[in-house]
Amino acid sequence: MENPNVEGKMLVIIGEKISVKVLPQEGGSLDGKFLATYKIEEIVCGKYDRDTILFIAYDHYGYPGFSNYKNTMLFLSDNDSVIYHQKYQFFDVYKTKDGRWASSYKSDDYWRTDSIKPVPIEFAEEVSYNIVGGKKKLIKEYYPEPYYRLTKEKAIAEWGNYVPELFQLKKEGVLKARGLFGTHSGLQFMETEMAEFDNEFISVSKKERIQLTNAFTKLILAIKTKNTEQIREMSLDSIYCSICEGIRDDYYYNELDCKLPPFSTVQK
């Protein structure tokens, strides 16, 4: 731990999934609660003297994203012998030809730092993701060349990073923002003068008021009747959750907008 005053001790592992079970939701919480059991393949950071680990995970969007994979690099915190998952933080990992663990390129983790760049990876077995039915724009965003080789059915990973670089990506990104590593710069303020306004209200025509009222009424009715098709028709094409620390939307993608299940490994 670079910041020893932070509550809890950091524990980063490579784990193989045994089970992920739903726990009763805590009162007043908007997050689902889960109990995960993993076999420890490798300890990356911290100390743990057992070969199996149990931890609590919370997720706002359903089952945690890490539960979709056999092996994952998990970021955990040990708080008084109760271990919690650092929300949304993980990498799906795979063995390489030289016996190391590595993960495929995930664009969201790289914008936070300039020190780590993806490199070509020779995985022991093909690492690929299903793109059947996906929108071309989303496919190009999630699986850009040259990091992936695209076929009609899947995106085959060819670039990524090994475990030390993956850990560094999180240390310089989300874990730094959460105060676990490094020094967070915090907010910076500067003095400025308010712009001058003419205090004029925007003029709305009678026709526009009627259109707005009708649209609002239509939306409320769709919500009350749970008419998801109507809600989708009236909604923006894509909405990102900006309060979840900039995580990729494929970590909680609901698969309603298209049939693309982002980053779900194609089973051979």
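Taken in order, the sequence shown gives residues 18 to 285; the numbers are from the numbering used here. Even glycine gets a Cβ: it sits at the ideal position worked out from N, Cα and C.
- The beta-carbon separation of ILE100 and ILE148, rounded to 35 Å, does not stay under the 8 Å limit for a contact.
- Between MET27 and LEU192, the CB-CB gap stays under 9 Å.
- Judged by DSSP in its simplified three-state form, VAL180 adopts helix.
- Taking C-beta atoms as the reference points, TYR146 and ALA174 count as a pair closer than 9 Å.
- The count of Cβ pairs closer than 8 Å, one atom from the segment 138 to 145 and one from the segment 103 to 114, reaches three, so the stretches are in contact.
- DSSP, reduced to helix, strand and coil, places GLU139 outside both helices and strands of the structure shown, so it counts as coil.
- The residue among GLY151, THR54, LYS152 and TYR75 with its C-alpha nearest the C-alpha of ILE31 is THR54.
- No Cβ-Cβ contact shorter than 9 Å links GLY82 with TYR65.
- When DSSP reads this structure, HIS102 sits in a beta bridge with LEU93.
- In the DSSP annotation of this structure, the continuous segment of the beta strand (DSSP E) that includes THR54 starts and ends at 49 to 62.
- Sorting PHE184, GLU246 and THR245 by C-alpha distance to the C-alpha of CYS62 places PHE184 at the top.
- Within the same chain, and ignoring the five residues on either side of ILE60 in sequence, the residues whose Cβ sits closer than 6 Å to its Cβ are ILE30.
- When DSSP states are grouped into helix, strand and coil, ASN244 belongs to the coil group.
- Residue pairing by DSSP places GLY190 in no beta bridge whatsoever.
- DSSP, read as helix, strand or coil, puts LYS171 in strand.
- Burial is judged here by how many other beta carbons sit within 10 angstroms of a residue's own beta carbon; LYS154 has fewer than 16 and is exposed.
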